[in-house]
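A.B. asks: I have a structure I would like to understand better, so I am pasting it below and will then ask my questions one at a time.
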Amino acid sequence: MRIQLIAVGTKMPAWVETGFQEYQRRFPRDMSLELIEIPAGKRGKNADIKRILQQEGEKTLAAIPKGNKIVTLEVTGKALDTHQLAKEMSKWQLDGRDISLLIGGPEGLAPECIAASEQKWSLSNLTLPHPLVRIIVAESLYRAWSLNNNHPYHRE
């Protein structure tokens, strides 16, 4: 199974890239984690946020390979603990499709992205900085994988 993390925003600080890559490289070949960055629209004093969000949404949806299961990361999604995420990951594997996880920009995801999702996942009730979300998702997925595979990374 391939997991795609499609995130709005480019040119992340080095610590974000390092953190994400640390967990990305740990995944086994039969479950890869890939990052696709969608350029964020230019936001200024008089920016048309609705139009920017729509353009980001179009680019995000265009980056999803046909047939992938779409999971959006949203505050209003379902909160999962590590064991629940591990069970979800097992279900994703049994489903037989690759997964596209969508992370929006400063205003969140475009309504079209939310409408296309089959599942909504919430990391926290807190509003998290979008660059940090990449690292949290990568670590959470790796921890769930390690739990499912009796890898020593996850200890109870």
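When we follow the numbering used here, the leftmost residue of the sequence shown carries the number 57, and every step to the right adds one.
All residues carry an ideal CB built from backbone N, CA and C; glycine is no exception.
Among the residues of its own chain, which have a CB less than 7 Å from the CB of V72, if the five just before and after it don't count?
C.D. replies: As a first step, residue 72 must be located in the sequence shown, where it is residue number 16. Exclusion of the five residues before and after V72 leaves P187, R190, I191 as the residues of its chain whose Cβ lies within less than 7 Å of its Cβ.
A.B. asks: I want to know whether the stretch 102-110 touches the stretch 139-157 - three or more CB-CB distances under 8 Å.
C.D. replies: no
A.B. asks: Which residues mark the beginning and the end of the beta strand (DSSP E) in which L197 is found?
C.D. replies: What you label residue 197 is simply residue 141 of the sequence shown in a count that begins at 1. Careful: L197 lies outside any beta strand (DSSP E), inside the alpha helix (DSSP H) at 186-204.
A.B. asks: Report all residues from its chain with a CB closer than 6 Å to the CB of G160; omit the five preceding and five following residues, and keep chain order.
C.D. replies: Residue 160 sits at position 104 when you count from the first residue of the sequence shown. Within its own chain, the residues whose Cβ lies closer than 6 Å to the Cβ of G160, once the five positions on either side in sequence are excluded, are V64, listed in chain order.
A.B. asks: DSSP state of G113, grouped into three classes?
C.D. replies: Numbered from 1 along the sequence shown, position 57 holds the residue referred to as residue 113. Note: G113 maps to helix in three-state DSSP.
A.B. asks: Apart from the five residues just before and just after G75, which ones in its own chain have a Cβ nearer than 7 Å to its Cβ?
C.D. replies: By one-based count along the sequence shown, residue 75 stands at place 19. Closer than 7 Å at Cβ, skipping near neighbours: I191.
A.B. asks: Helix, strand or coil, according to DSSP, for K143 in the structure here?
C.D. replies: As a working note, residue 143 is residue 87 in the sequence shown. In this structure, K143 counts as helix in the three-state DSSP scheme.
A.B. asks: Start and end of the alpha helix (DSSP H) containing E78?
C.D. replies: What you label residue 78 is simply residue 22 of the sequence shown in a count that begins at 1. Where E78 is concerned, the enclosing alpha helix (DSSP H) stretches over 70-80.
A.B. asks: Check whether the stretch 165-185 touches the stretch 119-131, counting contact only when three or more Cβ pairs, one atom from each stretch, lie closer than 8 Å.
C.D. replies: Touching, per the Cβ criterion.
A.B. asks: R82 and T138: beta carbons closer than 8 Å?
C.D. replies: Position 26 of the sequence shown, counted from the start, is the residue given in the question as residue 82. Position 82 of the sequence shown, counted from the start, is the residue given in the question as residue 138. Pairing R82 with T138 gives a Cβ-Cβ distance that is not under 8 Å.
A.B. asks: How many Å lie between P69 and L184 at the Cα?
C.D. replies: What you label residue 69 is simply residue 13 of the sequence shown in a count that begins at 1. What you label residue 184 is simply residue 128 of the sequence shown in a count that begins at 1. Cα to Cα, P69 sits roughly 16 Å from L184.
A.B. asks: Is W201 near the ligand MG, going by C-beta to nearest heavy atom under 7 Å?
C.D. replies: This structure lacks the ligand MG; in fact it carries no ligand of any kind.
A.B. asks: Rounded to whole angstroms, what's the CA-CA distance from M57 to Q149? Just pull it up for me.
C.D. replies: What you label residue 57 is simply residue 1 of the sequence shown in a count that begins at 1. What you label residue 149 is simply residue 93 of the sequence shown in a count that begins at 1. Distance between the alpha carbons of M57 and Q149 is about 6 Å.
A.B. asks: Take A172 as the anchor and find which of Y79, E195, N124, Y209 has the nearest alpha-carbon.
C.D. replies: For this step, residue 172 is matched to residue 116 along the sequence shown. When each option's Cα is compared against that of A172, the closest is N124.
A.B. asks: Below 8 Å on the Cβ atoms is my guess for P95 versus T66; work out the distance and round it to an integer in Å.
C.D. replies: Position 39 of the sequence shown, counting from 1, holds the residue named residue 95. Position 10 of the sequence shown, counting from 1, holds the residue named residue 66. Correct: roughly 5 Å between the Cβ atoms.
A.B. asks: What residues in its chain sit with their C-beta under 6 Å from that of E90, if we drop five residues either side in the sequence?
C.D. replies: Along the sequence shown, one-based indexing puts residue 90 at 34. Once the five neighbours on either side are set aside, the close Cβ partners of E90 are Q60.
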